[in-house]
Structures are given as C-alpha cells and as structure tokens.
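> Residue numbers (the numbering used here): 7 to 500. Glycine included, C-beta positions come from ideal geometry on N, C-alpha and C. For clarity, every value in this text was computed on a predicted model and none was experimentally measured. This is the structure I have questions about; it appears just below.
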Ligand SMILES: [Cu+2]
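Now the structure itself:
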C-alpha cells in the first residue's frame, strides 16, 4: 500500500508540475460555458377536485447527458433526472400518488411541509419497488419554498445524488398581494443547487487515482444548478426572484454574484421575512432555502457564484460560477420589493418553557446513533419548547433539521442571529463548538406511533446515524418514550 501511495504521489507531482494543481478536473467533465440555457423544472400538472389537489409522481431511472461525451444513469421524477415543481395553495388538501418504478425501495419526504408524521415520507414510510404510496393532508402553512427528496434509512445521500430532488412551493393570498416577482420561469425561478451523480464527479481512472491519494476517498462533488453547469439565464425583467435551495449532500454554500451586487432576502424556509434584508452574500447549509430578489439594468451581466465548504470544514479550492444572468435591453417593470413583507409577532418565551438538549458529535446525537425502533423524544401536541443544539466537535460542521415544524432561532452562542436567519426555519447550521437555541412549535395534531425525524442534514452524517425520532402525542399523555411504541413494532405493515 505504501509503495502504491509513493508511486501515486510521484504521478500527482508530475501532473501538478505540468498542469497546475486541481484545475484540470472535474470542471471540464460537465458541459459548457454559459451558452446553454438554465433548465427550469416544469410545474407538475395536477387536478383539483372539491379542494383536493392531486399529483401523480413517477419515480424512474433513465439516462442523462451532462454535456460530456457519455450519458450517465440517473433517477428522476416524471423524467430521467430531477423532478417537477409541485405547487399548492394554502388551505387545499393535497394528495400525491408516488409510484416507485425504480428497481429499489425508496421513500419521498416533503421537506418543510407540515404534514402529519404518517404522511411525512421519512424512513418509516418506505415505498417498495413497484408500489404506489399516496399520502394526503391539509396544507395549512404560509407561502414558502420547500422541496422533496428520498429519506430511506441509510440511502438518502445516494438517492438524492441520483437525482430524486424537486421543489415544492406553497402559495397563499397574503404573499400574492405583495406583487413580488412571481411569473414562474420568467422572473421567479427555482435554483436547485445540488451534486451531480457520482458517475459524473468521478471522472476518469487517472483522475480517480489522483483523487484517492489527495482526498482520501472523498469524491469532489460536481455542483449543478437545476441539473446544469455554467448555464445562461436570459433576464427579461427589472427584478428576478431566485428560490435558492441547497440540495447538496455535504456542502455548506455561500452564494453571491460575481460583481458583488446587492440582493434582497425576502423569505427563509418557512416563508416571508418581516421585511427584506439587503445582502451581498448568503450562506445555506444542506436543506436550507432562501428566496432572494436581484435587480438588473438593461444589458446587464452577472454570474451566480458559489464558495463551498464540506462538512469536514474544508473549503473547496474554487470560487465557482454556475449561472450567468444576462439581461435584454428592454426590461419589464416588476415594481419594487415592499418594505414590509409579513407581520410576524415578536417571539415571547415563557420562563416555564421546557428545554431539551441535543449534543451533536461525530455521527451521534446525545451519544446515540439512529435506531428505527427507538423513540428518542416525546412532545405534546400544540406545545412549544426550546431545543438547545450543541455541536461538540471541534472541526466538523453539522446542521439540525426538524421534520414537521418551523422554528425560530433564538440565539447562536448567546448572540441574536441576523434577522433573515431568525424566523420560520426548519434547518439551521450548527458550527463546530457552537450552541444554537431554537424555539420549536409542535403540530396541534398528535400522531402517536408515527415518529418525526430530527437530524443533521449533511446527508453523509445522517446516513451514518446522526438522526433521532420524536413523537407528537395528545396533550396530557405521557412524555416518557418508554410508554409509547412505534407503529411498525405494533405490527403495522406499510
Ligand atoms: Cu453533521
């Protein structure tokens, strides 16, 4: 082994000397230089019958050409790669028929949606190959940008990478009244930032050998936006709303524009902020979403730039530009972003609020790795608690995602978070050595027997065990996990 390493180092040294380190792969592996159009996922078709909106999703395998010489095998929803954008109105019942036409079992989780635990699509709702799963619920939450992806225990990272990712947008009248840019695909566009399938990132055999020495088996992910790399978006309006989603497996992203221009953050994961906040860059850990509005002059050009840091807190050796925005000479007037976006009540925390502690370290939470059959926490329906999350690791990045709820970030190491990060989130970064306190409002509806997940959304960690389960039970019922069972233990078959 040592001899092989020496030989490979020699090989690497030769390449470094001749080609300049890191620059020769894998960015040339995947298509173009800002000439191909940015793909905008289609809006999923649906039928509306007596206030039930029904979608049909077909999970399938296929082949996708990422612009290099060969096509690679990919998975998609209603297509070969990625999925259509689901769109529902607050107050509608949604019914989603998810047909698993893959050769493997999977699940489909509605990340950010306040669905009943039994409909949540977590590890307890597997969809066997060849089967259809049809969850339904009343959509009772604010306008917001959410997403859907598989959550099969131990397999989330791999299945997300294959392409099972789509956006899930909730609309409501209050948001519509603001007249924000909202013409889908024209001035309101999903920006799904995600990893290309491993087959693309791996590159050729020589690159693979070099990588295995330099990066100890950690494949550098090729990052795509809506399935493409270095694509072009032709701007036809004075302002464009970008719905940013970090759907990568393991990268903390900092997004900005190549010319440093300012943009306005208008919404976080759970919907509109109280007021817009002007920034020149914004960070998203895996699973996080922000909506931003960026303005253009006629004949204007800028690029969406990314800086990536992986969960080992190593910054990738690049400052990638992924989408070019190029405006025409005659831009539609989109009006300006209102100075007030929503009326969010200031948060009051009663001193009697129950506090639960979650210590994250390595791939465990409170020293325990995920056990499908173990209930970790029990909360009362309609209650509010403080969840205190600590990252005990000295170097590793973690984040914390809670299913079924939105939370307020009370403080990060005792300091107030920036306003855009404070309210209505469902995923938050917990940097090494940091304590983040969340005020979590639990669903009013109990779902005893069916747990919700909480976990690190760096999916490499989640897959190795950094996840736990909580039950929402009727007010007054025992909050002792020992007094409850998971439905699968009671013989439910699903
Ligand atoms: Cu983690």
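Using only CA atoms, which one of 107, 280, 191, 290 lies nearest to residue 405?
Sequence index remark: in the chain shown, residue 405 carries index 399 (1-based). Measuring from the Cα of residue 405, the nearest candidate turns out to be 290.
> Give the single residue among 185, 203, 126, 122 whose Cα lies nearest to the Cα of residue 479.
Position 473 of the chain shown, counted from the start, is the residue given in the question as residue 479. Minimum Cα distance to residue 479 is reached at 122.
> Please report the straight-line C-alpha distance between residue 489 and residue 475, rounded to a whole angstrom.
Your numbering for residue 489 matches position 483 in the chain shown. Your numbering for residue 475 matches position 469 in the chain shown. Between residue 489 and residue 475, the C-alpha separation is close to 15 Å.
> Rounded to whole angstroms, what is the Cα-Cα separation between residue 179 and residue 259?
Against the chain shown, residue 179 aligns to sequence position 173. Against the chain shown, residue 259 aligns to sequence position 253. Distance between the alpha carbons of residue 179 and residue 259 is about 32 Å.
> Here's a check: name, in chain order, each residue in its chain whose Cβ is nearer than 6 Å to the Cβ of residue 241, leaving out the five neighbours to either side.
Residue numbering aside, residue 241 sits at position 235 when the chain shown is read from its first letter. Around residue 241: 302, 331, 333.
> Apply the 10 Å Cβ neighbour rule to residue 380 and answer buried if 16 or more other Cβ atoms are within range, or exposed otherwise.
The count along the chain shown starts at 1 and reaches residue 380 at position 374. When all chains shown are included, residue 380 counts as exposed.
> Applying the 10 Å Cβ sphere with the 16-neighbour rule, what's the burial state of residue 346?
As a first step, residue 346 must be located in the chain shown, where it is residue number 340. Exposed, by the Cβ-count rule.
> Is residue 421 buried or exposed, if buried means 16 or more other CB atoms sit within 10 Å of its CB?
In the chain shown, residue 421 corresponds to position 415, counting from 1. So residue 421 ends up on the exposed side.
> Mapping DSSP to helix, strand and coil, what is residue 270?
Taking the first residue of the chain shown as 1, we reach residue 270 at position 264. Strand, per DSSP.
> Are there any heavy atoms of ligand 1 lying less than 7 Å away from the beta-carbon of residue 162, as far as the coordinates show?
Position 156 of the chain shown, counted from the first residue, corresponds to residue 162. No, Cβ of residue 162 sits at least 7 Å from all heavy atoms of ligand 1.
> Just jot down, in chain order, the residues whose CB lies closer than 6 Å to any heavy atom of ligand 1.
Those residues, listed in chain order, are 317, 404, 462, 464, 467, 472.
> Looking only at C-alpha atoms, which of 293, 430, 329 sits nearest to residue 307?
Sequence index remark: in the chain shown, residue 307 carries index 301 (1-based). The residue with the shortest Cα to Cα distance from residue 307 is 329.
> Where do the ends of the alpha helix (DSSP H) carrying residue 164 lie?
Looking up residue 164 in the chain shown gives position 158. Start and end: 162 to 168.
> Under a Cβ-count criterion, where at least 16 other Cβ atoms within 10 Å of its own Cβ denotes burial, should residue 374 be classed as buried or exposed?
Reading the chain shown from its first residue, position 368 is the one you call residue 374. Exposed is the call here.
> Rounding to the nearest angstrom, what Cα-Cα distance links residue 447 and residue 78 in this structure?
As a first step, residue 447 must be located in the chain shown, where it is residue number 441. As a first step, residue 78 must be located in the chain shown, where it is residue number 72. Roughly 43 Å between the two C-alpha positions.
> Considering only their Cβ atoms, is the gap separating residue 257 from residue 316 smaller than 8 Å?
As a working mapping, residue 316 is identified with position 310 in the chain shown. As a working mapping, residue 257 is identified with position 251 in the chain shown. In contact: residue 316 and residue 257 (Cβ atoms closer than 8 Å).
> What runs of the beta strand (DSSP E), each 3 residues or longer, lie entirely inside the region 115 to 169?
Those beta strand (DSSP E) runs which fall completely within the region 115 to 169 and span 3+ residues are 115 to 117, 142 to 144, 150 to 155.
> Any chance you could list the alpha helix (DSSP H) runs of at least 4 consecutive residues sitting entirely within the region 271 to 297, in chain order?
Segments of the alpha helix (DSSP H) lying fully in the region 271 to 297: there are none.
> Quick check on residue 409: does DSSP put it in helix, strand or coil?
Working through the chain shown from its first residue, we reach residue 409 at position 403. Residue 409: coil per DSSP, three-state reduction.
> At the level of alpha carbons, what is the spacing between residue 31 and residue 419?
Here residue 31 is taken as the residue at index 25 of the chain shown, counted from 1. Here residue 419 is taken as the residue at index 413 of the chain shown, counted from 1. Residue placement at residue 31 is flagged as unreliable, the pLDDT there being 38, under the threshold of 50; a coordinate-derived value is accordingly withheld.
> Is residue 29 buried or exposed, if buried means 16 or more other CB atoms sit within 10 Å of its CB?
Locating residue 29 in the chain shown gives position 23, counting from the first residue. Because residue 29 sits at a pLDDT of 34, beneath the cut-off of 50, its placement in the model cannot be relied upon, and the following sentence gives the value as read from the coordinates. Under this definition residue 29 is an exposed residue.
> Residues in its own chain within less than 6 Å of residue 435 by CB, not counting five upstream and five downstream?
The residue given as residue 435 occupies position 429 in the chain shown. Counting only Cβ-Cβ distances below 6 Å, and skipping sequence neighbours, we find 291, 405.
> For a quick check, are the C-beta atoms of residue 153 and residue 118 less than 8 Å apart?
To locate residue 153, count along the chain shown from 1; it is residue 147. To locate residue 118, count along the chain shown from 1; it is residue 112. For residue 153 and residue 118, yes; Cβs fall inside 8 Å.
> Report, in whole angstroms, the separation of the C-beta atoms of residue 40 and residue 250, which I expect to be a contact under 8 Å.
Position 34 of the chain shown, counted from the first residue, corresponds to residue 40. Position 244 of the chain shown, counted from the first residue, corresponds to residue 250. At roughly 19 Å, the Cβ-Cβ gap does not stay under 8 Å, so residue 40 and residue 250 are not in contact.
> Please go through the same chain and pick out, in chain order, the residues whose beta-carbon is closer than 6 Å to the beta-carbon of residue 131, but skip the five residues on each side of it.
Counting from one through the chain shown, the residue named residue 131 turns up at place 125. Around residue 131: 113.
> Is it buried or exposed, residue 486, if we count other Cβ atoms within 10 angstroms and call 16 or more buried?
Start at 1 with the first residue of the chain shown, and residue 486 comes out as number 480. With fewer than 16 Cβ atoms within 10 Å of its Cβ, residue 486 is classed as exposed.
> Is the separation between the beta-carbon of residue 277 and that of residue 149 shorter than 8 Å?
On the chain shown, residue 277 is found 271 positions in, with the first residue counted as 1. On the chain shown, residue 149 is found 143 positions in, with the first residue counted as 1. A contact, by the Cβ cut-off of 8 Å.
> Within 10 Å of its beta-carbon, does residue 252 have 16 or more other beta-carbons around it, so buried, or fewer, so exposed?
As a working note, residue 252 is residue 246 in the chain shown. The residue is buried, with at least 16 neighbouring Cβ atoms inside 10 Å.
> Considering only residues of the region 443 to 470, which uninterrupted beta strand (DSSP E) runs meet the minimum length of 3 residues and lie entirely inside it, listed in chain order?
You should have 458 to 461.
> Using only alpha-carbon positions, find the residue among 467, 309, 115, 351 that is nearest to residue 104.
Locating residue 104 in the chain shown gives position 98, where the first residue counts as 1. The shortest C-alpha separation from residue 104 is found at 115.
> With a CB to CB cut of under 6 Å and the five nearest residues on each side skipped, what residues in its chain are close to residue 101?
If you number the chain shown from 1, residue 101 lands on position 95. Within the same chain, residue 101 has close Cβ partners 58, 60, 142.
> Is it true that the region 339 to 358 meets the region 451 to 464, where meeting means three or more beta-carbon pairs spaced less than 8 Å apart?
Not touching, per the Cβ criterion.
> Using the C-alpha atoms, what's the distance from residue 439 back to residue 248?
Locating residue 248 in the chain shown gives position 242, counting from the first residue. Locating residue 439 in the chain shown gives position 433, counting from the first residue. Each residue's Cα considered, the two are about 32 Å apart.
> Out of 372, 413, 134, point me to the one whose CA is closest to residue 396's CA.
In the chain shown, the residue the question calls residue 396 occupies position 390. For the residues 372, 413, 134, the minimum Cα distance to residue 396 belongs to 372.
> Closest by CA to residue 442, which one among 364, 491, 477?
What you label residue 442 is simply residue 436 of the chain shown in a count that begins at 1. Of 364, 491, 477, the residue nearest in Cα terms is 364.
> Can you check whether the C-beta of residue 448 is within less than 8 Å of a C-beta belonging to chain D?
Among the protein chains of the structure shown there is no chain D, as only one such chain exists.
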